[in-house]
Structure formats: C-alpha cells, structure tokens
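Novice: Let me give you the structure first, and then I'll get to my questions.
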Amino acid sequence: WVSNIYQLALRLDAYQADDLLARERNDLPQELQTLTAQRQREQNAGVQQQLDQVIASKSTQWQTLRQLDARMQQAQLQMDQSLTALATVYSQVQLLNAEAINSGRAERLRSDIQEQVQRLDDLVASLNEVYDYGTQ
Numbered sequence: 005w006v007s008n009i010y011q012l013a014l015r016l017d018a019y020q021a022d023d024l025l026a027r028e029r030n031d032l033p034q035e036l037q038t039l040t041a042q043r044q045r046e047q048n049a050g051v052q053q054q055l056d057q058v059i060a061s062k063s064t065q066w067q068t069l070r071q072l073d074a075r076m077q078q079a080q081l082q083m084d085q086s087l088t089a090l091a092t093v094y095s096q097v098q099l100l101n102a103e104a105i106n107s108g109r110a111e112r113l114r115s116d117i118q119e120q121v122q123r124l125d126d127l128v129a130s131l132n133e134v135y136d137y138g139t140q
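The sequence shown begins at 5 in the working numbering and counts up by one.
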C-alpha cells in the first residue's frame, strides 16, 4: 500500500515538474487560435488542406493533454484519499490492539485495506499506461 502511494507520488511529481507539458498547456490554445485565423484568411487550397491537418493534429494534442491533466488530478485526489485511509487504518489498528479484537471488525478492516490496495494498484497501472515514468 505504502509502495503504491510512493509510486503514485513519484509520477505526480514528474508530471508537475514536466516543463514541456507546462509549455504545451500554455502555448497550444494560442497556437490553435492563430492557425484557425490563418486558415480562414488563406486562399490557396493546398495550404488550407495542410493547415487543416496541422489544426487537427494540434487539437488532438490539446485534447490528449487535457485528458492527462484530468487523469493526474484524479490521481492526486486518490492519493490524498489513500493517505487519509492509511492514517485511519493506523488509528484503527492501534485501537484494535488496545481492546479485544472482534473478528468481524478485524475482517472488515482487512477487507477495507485490500480494497484500497487494489484501487491504488489499478490507478498506478493506468498511470503507467498514460504517463510512463521509470521507477527509481
């Protein structure tokens, strides 16, 4: 569980420190506006076609970047939730150690932990597909 949170934090740090993504996030909307305006003024059909292709490519790039931003925001929220759950589990374990263990309660706690671990595993796997950074 802690390892998954750590892996997630590494990916979030790498994403937030990525200057290229930050530059694209700032520049792409203006580039699209400029290209669209240029396309509207262009008279040559061949140039229009090339501009259409560039605009389509830049639009896809912008859409992908926005999807990545949304996914990384979800990852940040999931990490926050997992850290809160980890703190809660720690408190619950301490409480269970301090009093007689009710087997049903301990089983629910174990189930909750397994669910959090599975959610983190799924999230880390999906982030590996979307934003692949090698582990250190």
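We treat Cβ as the ideally placed atom computed from N, Cα and C, and that holds for glycine.
This structure is a prediction, so every number in the text was calculated from the model and none was measured.
When the distance is taken between beta carbons, is Leu39 closer than 7 Å to Ile9?
Specialist: no
Novice: For a test of the three-state rule: what should DSSP assign to Gln11, helix, strand or coil?
Specialist: helix
Novice: Could you pull out every residue in the same chain whose Cβ sits closer than 8 Å to the Cβ of Val6, ignoring the five residues on either side in sequence?
Specialist: Leu90
Novice: Hey, would you say Gln118 sits closer than 7 Å to Ser86, going by beta carbons?
Specialist: no
Novice: How is Asp125 classed by DSSP in three states: helix, strand or coil?
Specialist: If DSSP states are grouped into helix, strand and coil, Asp125 belongs with the helices.
Novice: Hey, which unbroken runs of the alpha helix (DSSP H) at 4 residues or more fall wholly within the region 14-79?
Specialist: 23-45
Novice: Between the region 60-77 and the region 26-36, are three or more C-beta pairs nearer than 8 Å?
Specialist: yes
Novice: Excluding the 5 residues flanking Arg29 on each side, which residues of the same chain have their C-beta closer than 7 Å to its C-beta?
Specialist: For Arg29, where only same-chain residues beyond five positions count, the Cβ hits under 7 Å are Leu69.
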